[in-house]
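Below is one structure; the comments refer to it alone.
Protein chains in written order, with this note's numbering: chain P, 1 to 334; chain B, 335 to 668; chain E, 669 to 1002; chain Z, 1003 to 1336.
Here is the structure:
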């Protein structure tokens, strides 16, 4: 690993552990530090990953450090990223860059043409299934894309205490679908309409949020996209995408935990889909860290950064406004 | 067939031939007459089905006649039905009863509590697949229903000349989905929002219509339903329904023309879905004529009549208004 | 039906009812008589099918009669068929023509070049799924056929009392697979090896038969075919065929009773396959009666007659000998 | 990795690279040495895996070394394994332990109760799909197991030059199926019958081997197992298993490279299955190295060693004899 660029992990919580393990296992990166305000958390992960515990300031001051992986708490992402960029470090930032659209735009100067490469981790772009679908569409194999249907159904709702800090269903959860929609549509949505209900848990409504939504996007060309979201599917972690074009359709479904089928008089039972994002997206998490290695090696530009962050967040903002007003929202007004 | 009730077929066009053949093959009905303003059309079908050609007046005047199957041109449905009911004949009417909501409501007195049984043929309620889904939902097997997704994609657009007489995409085509939505939701939708584009054929836009739509329904309980429509799928006749509930999901897909699979390095190719409604819904067309035999035998009430017709047509009307206004429409206002 | 050829049904038991209903519903045939030694059985079916009860002698003496459908008890098939052919009547004979290979061959003169057309009803050749597979193979789409796997698993064993009269697993049950093998291989098998067990019901062993078998066929060209049989699957009526060729594979599976899928944490449950041959092969039974109408109309030669009967029965005989001897059997020796 | 046991890789060819990478990536093992008679091969892999190049003698003489992974050329496996065991090193041996049944049995004393743990890598036992099937059978969920069907079809034949050194189809290729059969049947097969052809490449016949086979196993209890093998499928790397029991069936199929489906008028095309063993069994290769870590940690006994090797090789020997003699072979005679 003598030539692998030295990187640090900032934040050793749930997603920090995921990205830290990917970085440690990737021979193209040299994970040198783990930073976390909670010392035992940092120490445990550093021990597992065979690297040092350090402070953020010390890490950013290390001239040998090439980049950082930011997986701190969401509310701190933007400040940490700005500090890292100011220190000239390449940044891998767990999504979202920030939950506040205005605040994000206020830092456009530092973020849109950053001093060092900035990758914001919309991991679904690295899922082999979504990639296969995008390649199929881009190759024109279904003709001109006319409509999309994106499904993201969580297996079970988060604890109610999480809701007030989440930014709401659209900024926290639908944000992935907004990014996928922008990527697959290959055209900026012009308008958005959303209806949302609270059907899963009254505590979510009590916290001012919704848990079940249908969102429609319309592009200037007439392309339509429906997003289907729920906080609780009752059957597993359901993430699908269907694309309809002038010559046919293409779609990606849910991988299953095995290819086992059981045949009884009740029918043929296929094995369950994955129970959560950790196993479903294991490959995409590793792949996006590998993409960061490409960025550090100078052989790739970050596929998603400030523009993708603002684009997806503006759609989330529009969805929230549409639900509040009961009317469609023009993206130009967001 | 000595005891089978005597019935007549009014209208020997495309759907008249479908229903006429079902009636002739059904041992519980005695198809006695075929009526059509175009004599050769009537004669050809009467010869095939081994019954007599007659005029509508003569048929309705036959005291031995128990019922009529109405498959005349859409614009005449209502007048023919009213005449048949006035003559005391049970009616099987190909959908729609009428394309004009106000006109339909104006005849509520004769249609809502008709002098003889009135069945309006929303055939999808007799498709074994949709029936299996409805039974599963009604039995509570997916818990409380929370959302629906209905897909109706035609294989290819109709000739442009048909468009001006069709009533438009929503009254002509989506009407089936509106009926299925009301049936599966088991709750009247309170609001509707629709966006529609013309992406398939500019001649459709020139005729003042749309060919691609996404419609969202919302019930007072918060249940949501998305309807996906296109006039041209590029891959066959696609009719599916997905139901999401508090405990899981259930869905029905497209039967295929065979169970053949072909394996090559490109993947596993499953046989095509049906190319059109004739083969896809052959069983449901026969089953709805059998339902009419039940109605004539006095062992069943018509499953769909005036109320279903008005309910579905009001949703179509709301969809057209929503597209025109760009805003959601309350069904109470339609 | 004035011009439809007049036919009679001989035998009104289980398969007689199936074929009688197909004949009555087929506008290209005029089913005039039902014959059965048990008068009430004949009368009930004749009433349902709106035709006359008659004796076999009277029927065969009717100069207006064009053909007979033979569905009498298996042990009488050959005598009835010979009588009908002698009377110049075209014959549709439910399989098998006879269970005794030597006896069948002894009548080769009358059966191989019969005085009137002789169709022996190996119904699987009229199943749309098997037909699709055969067409795919014949068209060369999987290259040169190299091996086959045929699966026939009954849902539940027959009553033990049936076993002694059945001819044994191979003559009664595997016979369909032997016919399908000959059809799909398009080359006469040269050798056969079989192993069989009694795993389902000891009463079957007590009756001198087996209930679970694996049979391997080898052609002179080296093509191999495995047949998998059981009297009790535990999950439904399972009938599949897989073909492996030099360029890929093609296979047909089991149609399901609907396209319903149910998603729960346990997985995705597809609707059951058919519970028995009646619903699974409804279309093929109707199609083979329609084939007989083609034969009577002079537009088709019977697809299977004496040669197919002897070919399949010789394989059954070889299987029984292989199980008895524990060694492969050359078909030339049977 | 301070506490991870020190291991060496013997053999840096195709499978050595697979196992070496798994060992290097496994934090529970400390891969210290790579050994290969061809120095550049050893050096390249050692550089990649960040470990030292050494000779076999030096490695076995290292008192700190806990175990070896043997992936040398097949003909040397047994000698290397015996030397490693004599040196007290735990052994992970790529299958087969040897191709000669008599030679293997001649070393039963050293191998059946070895001086150090001996794991022989039948990797399919670590495939999550096969494991799921085995667990389902073992849990009695399909009732009593009655029959098995194992399919192993290679995508394309090996170079003809490989054939003479391979041990033949049964010892080289079917050996995996023999191991899976013994594992899933949970009963030693008593008899075997095989037919084999050369349909893929005449050069294989010229080298004295076959490329297409059907093998039937029979147990004393009457359980039957069919194995289907070909050296060239024409559609990918096909590895499946179907288990039929008294209450139903369970089966595992081929994972696909993605969940992509493409819908056109020709049908629905699912993504290809894996093109070869490397990607299909990536998880199982890693899992078996992890099993070796368990063995070294003293928390597991090797799941397969001498007994499994002899059991599978005896079936291969029986298959070769059956093909040669054209008759079934009793395992007691092998």
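Just so you know, even glycine gets a beta-carbon here, dropped at the ideal spot from N, CA and C.
Buried or exposed (CB count within 10 angstroms, at least 16 for buried), residue i
i              : result
residue 335/B  : Low local confidence applies: a pLDDT of 45 at residue 335/B is under 50, so the model's placement there is unreliable, with the coordinate-based value given in what follows. Label assigned to residue 335/B: exposed.
residue 17/P   : buried
residue 613/B  : exposed
residue 612/E  : In the structure as shown, chain E starts at 669 and stops at 1002, and residue 612/E therefore has no counterpart that could be examined.
residue 50/P   : exposed
residue 301/P  : exposed
residue 1231/Z : buried
residue 353/B  : buried
residue 1204/Z : exposed
residue 262/P  : buried
Start-to-end residues for the beta strand (DSSP E) that takes in residue i
i              : result
residue 1034/Z : 1032-1037
residue 857/E  : 857-865
residue 819/E  : 813-821
residue 241/P  : 238-245
residue 454/B  : 452-455
residue 1278/Z : Note, residue 1278/Z: premise wrong, no beta strand (DSSP E); not H, not E.
residue 1011/Z : 1008-1012
residue 892/E  : 892-898
Beta carbon proximity, residue i to chain P, threshold 8 Å
i              : result
residue 937/E  : yes
residue 782/E  : no
residue 529/B  : yes
residue 414/B  : no
residue 385/B  : no
residue 1262/Z : yes
Check: residue i C-beta below 7 Å from any heavy atom of the ligand COA
i              : result
residue 1216/Z : Among the ligands in the structure shown, none appear at all, so the ligand COA cannot be discussed.
Neighbouring residues, chain Z, relative to residue i (Cβ below 7 Å)
i             : result
residue 600/B : 1271, 1274
residue 899/E : Those within 7 Å of residue 899/E in chain Z number zero; the least Cβ separation is about 11 Å.
Min CB distance residue i to chain E below 8 Å
i             : result
residue 276/P : no
Below-8 Å beta-carbon distance, residue i vs any chain Z residue
i             : result
residue 571/B : no
residue 517/B : no
residue 914/E : yes
residue 886/E : yes
residue 896/E : yes
Alpha helix (DSSP H) segment containing residue i, residue limits
i             : result
residue 339/P : Here chain P covers residues 1 to 334 and nothing more, so residue 339/P does not appear.
residue 833/E : 831-834
residue 798/E : 796-806
residue 634/B : Element bounds for residue 634/B: n/a, residue is neither H nor E.
residue 712/E : 707-717
residue 741/E : First-last for residue 741/E: undefined, no H or E at that position.
residue 688/E : 682-693
residue 203/P : 202-206
Residues that residue i contacts on chain P, provided the C-beta gap is smaller than 8 Å
i              : result
residue 1256/Z : 259
residue 1017/Z : Neighbours of residue 1017/Z on chain P: none; closest Cβ ~20 Å, over 8 Å.
Where residue i meets chain B, residues with beta-carbon distance less than 7 Å
i             : result
residue 224/P : 529, 531, 546, 548
Interface residues of chain P facing residue i [CB-CB closer than 9 Å]
i             : result
residue 659/B : Going along chain P, no residue has its Cβ under 9 Å from residue 659/B, so there is no contact; the nearest lies around 10 Å.
Cross-chain neighbours of residue i in chain P, by beta carbon under 7 Å
i              : result
residue 1027/Z : 25
Contact set between residue i and chain B, taken where Cβ atoms lie within less than 8 Å
i             : result
residue 918/E : 594, 595, 596, 597
Interface partners of residue i on chain Z, CB under 9 Å
i             : result
residue 996/E : 1195, 1197, 1328, 1329, 1330
Neighbour flag for residue i against chain B, beta carbons, 8 Å
i             : result
residue 234/P : yes
(Q) Short of 7 Å Cβ to Cβ, which residues in the stretch 121-146 of chain P face chain D? (A) Looking at the structure shown, chain D is missing, and the protein chains on hand are P, B, E and Z.
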